[in-house]
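Each residue of the first sequence is one higher than the last, beginning at 36 in my numbering. Quick reminder that beta carbons are idealized off the backbone N, C-alpha and C, glycines included. All figures in this text were calculated on a predicted structure; none of them were measured in a lab. Working notes, beginning with the structure itself.
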Amino acid sequence: MADDKKLTPRAQDFSAWYNEVVLKAELADYSPVRGCMVIRPDGYGIWERMQRALDDMFKATGHRNAYFPLFIPESFLKKEAQHVEGFAPETAVVTHGGGKKLEEPLIVRPTSETIIYAMFAKWVQSYRDLPLLINQWANVVRWEMRTRLFLRTLEFLWQEGHTAHATHDEAEEEARRMLGVYRDFMEGWMAMPVITGQKTDSERFAGALRTYSCEAMMQDNKALQAGTSHNLGQNFAKAFDLKFQTESGGTEFAWNTSWGVSTRMIGGLVMTHGDDNGLRVPPMLAPTEVVIVPIWRTDEERDRVFEAAHRIKATLAAGEQRGANRLRVHVDAREGIKPGAKYFEWELRGVPVRMELGPRDLDKAQAVVVRRDTREKRPVSLDALGRDVADLLERIQGDMLVAARDRRESNSFRGEITYDRFREVMNAEGAFVYAGWCGDGSCEAQVKEDTKATIRVLPDEEFRSAEAPTKCMHCGRGATSEALWAKAY
RNA sequence: CGGGACGUAGCGCAGCCCGGUAGCGCACCUGAAUGGGGUUCAGGGGGUCGCGGGUUCAAAUCCCGCCGUCCCGACCA
């Protein structure tokens, strides 16, 4: 293969590589509106599978879907002091409708807490109405100054869960439970390992008591905040008069949580798994799991190979050799394109398994199976193909997670680190550094100024270093907690 | 909003300094050969050169103004 046909090597310029993969794999395109993105069918296919998987997980935890308005009265946003402070600068505002100036401007939702809790206030009377567990799939708008495909666009698709509970502890449990759901999804479906934990005050959601986050490491060693879950306390309940009557007859404000993940995850997927040949999609999220590339010379050979290819597709799609495990298979029947060109195209698009099928294979009752993640190639007997391919897909799914975790860990620092060394690492290749923090926001700010690194989360117990921190990495004072430091998107 | 760069075919670009028939690569269409890792040859379609004004016999090219985009900062999921 000629080097000049490869994608930009990511070591040289990760951003350029990322943009090229997203555009060339046809996941998305730039729209005529600056900062807005068009998600193309290939990208949307991945999103649909993400949606379906998450939706099932939400249903299993008792949540139900609903839909709330795109427009939010300006006054709603202003009811919660921190919330308006956080979001007002990045809102799009509708001032005219039907050719007339509106009496009150309408905000295009940047998030829906205000309008949802205004409705909750109508719906909740008694403790018997709680918990109220709602999710909505929607688009939101945040007027960002600089945008990037999938990672930060003016408009994006997401889900936002909103719940109301009778007690603080119940809300706290909910916020943590949904963070766990996100982690299960990101690791189980996306093969993208994440560090979970609590955000510091400086990165807490505007209006929340506590914010929890899933942080993933991209291949340039930067962190991507892939999902967040908030314990909102009673802040919004008080602002929107969301009260309920308790069992003992008293009146109390409800406790809320909100949590969301977005199309940003697709960007995370690309930056976690992509390589110099393009995209790699984990099997569980791949709209097409197996692509069959028929190879032929003569018309007779073509007929024979096509017949076999479609028979194999039918077998795999029906899951006949493996019970319920139906595979998503595509036969690339295009004529006039050489097989080699097809290989490169499907690799660029990230289809996990490619099956090469030619006359020589049929003579031997086999097919050549190539896995996208390692590009390992091996012949497989047609007799047990269904089982073999299904097993291979499971192995790829698992191996991709292991590979991503290994890469993250080999770029992580745990235990003692001097601030000089920290600066050196952050300003060079970047890393995840677990180090003590005194809890003072000014230390956090100073580190950010020195290195652009911030505290991504205060990690959960299981992700901390073996040695508990004793000193703040920056100021040397006693550490109150251990923090995960990294540069972020 | 500060600093820099750029607007020419769907995409990527050359041409501009030194004014004179609108070019190249990829992609697309037609035909033939090819076909187990990015085929080759031949033919073909497609552009008010970002917009407006000025100079000139003549402007993609020179001058003035505007608009837009991208990159770096500030900001942020």
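Distance between beta carbons of residue j and residue i, contact taken as under 8 Å
i    : j    : result
A226 : G303 : Wrong, their Cβ atoms sit about 11 Å apart, outside the cutoff.
A521 : A488 : 6 Å
V175 : P145 : 6 Å
A206 : W290 : 4 Å
F275 : K114 : 7 Å
L417 : R299 : Actually they are not in contact, since the Cβ atoms of L417 and R299 sit about 41 Å apart, beyond 8 Å.
A402 : V415 : 6 Å
Under 8 Å between C-beta atoms of residue i and residue j
i    : j    : result
A199 : V159 : yes
P329 : I431 : no
R339 : A352 : no
R449 : S500 : yes
W172 : Q86  : yes
E209 : N312 : no
R218 : C249 : yes
I150 : F103 : yes
V216 : A261 : no
Y378 : R389 : yes
A368 : F341 : yes
N266 : T292 : yes
L427 : R84  : no
F191 : A88  : no
F111 : A156 : no
R545 : V404 : This structure does not reach residue 545, given that the chain is present from 36 up to 524, and the question cannot be answered.
Residues sharing a beta bridge with residue i, DSSP
i    : result
G215 : Paired residues: none, contrary to the question.
I327 : V366 and M390
E250 : I230 and Q260
K506 : G513
I372 : DSSP lists no partner for I372.
V296 : Q194
N100 : N170
Y65  : M72
P494 : G232
T489 : A521
F467 : S447
S416 : Q401
H200 : W290
H131 : K136
P108 : L141
D310 : G313
Cβ shell of residue i (< 7 Å), same chain only, five flanking positions each side left out
i    : result
G78  : L62, A63 and I301
A344 : I327, P329, V366 and L392
A37  : Confidence at A37 is low in this model, with a pLDDT of 32, below 50, so its placement is unreliable and no value can be given for it.
T286 : K278 and Q280
W178 : E125, T126, A127 and L189
S50  : none
D39  : With a pLDDT of 46 at D39, under the threshold of 50, the modelled position of that residue is not reliable, and the figure given next carries that caveat. The answer is none, since no qualifying residue turns up.
I452 : V468, A470 and M508
T130 : K136, L137 and P140
Contacts around residue i, its chain only, beta-carbon distance under 6 Å, and the 5 residues preceding and following it disregarded
i    : result
R440 : P228
G232 : V492, L493, P494 and D495
G97  : L168
L184 : V57, A63 and M72
P504 : G471, A514 and E517
L259 : A251, M253, G303 and Y524
G268 : L244
H197 : I151, I169 and S293
L420 : none
Minimum C-alpha distance to residue i - residue among the options
i    : options                   : result
R315 : E83, L267, R299 and E380  : E380
A425 : G215, V437, R442 and R406 : R406
D48  : D310, E497 and I347       : D310
V325 : G268, D423 and D164       : D423
T182 : Q269, F220 and G70        : G70
K257 : T307, E238 and F240       : T307
L165 : P140, M154, T202 and G133 : T202
G385 : E195, M435 and G132       : M435
S283 : T235, S161 and T246       : S161
Y454 : V305, N266, R299 and K506 : K506
W193 : I107, D90 and A438        : D90
F457 : T486, Q481 and A480       : T486
P108 : S147, W82, A101 and R99   : S147
R337 : P322, P374, R363 and T350 : P374
F240 : F111, A116 and K412       : A116
I372 : W331, E335, A480 and Y65  : W331
Beta-carbon contacts of residue i that lie in its chain and below 8 Å, excluding the five residues immediately before and after
i    : result
C510 : C473, D475 and C478
N446 : M252, N256, E464, G465, A466 and F467
Q254 : R45, F49, M306, T307, G309 and R442
I81  : L62, I301, L304, V316, L320, A321 and P322
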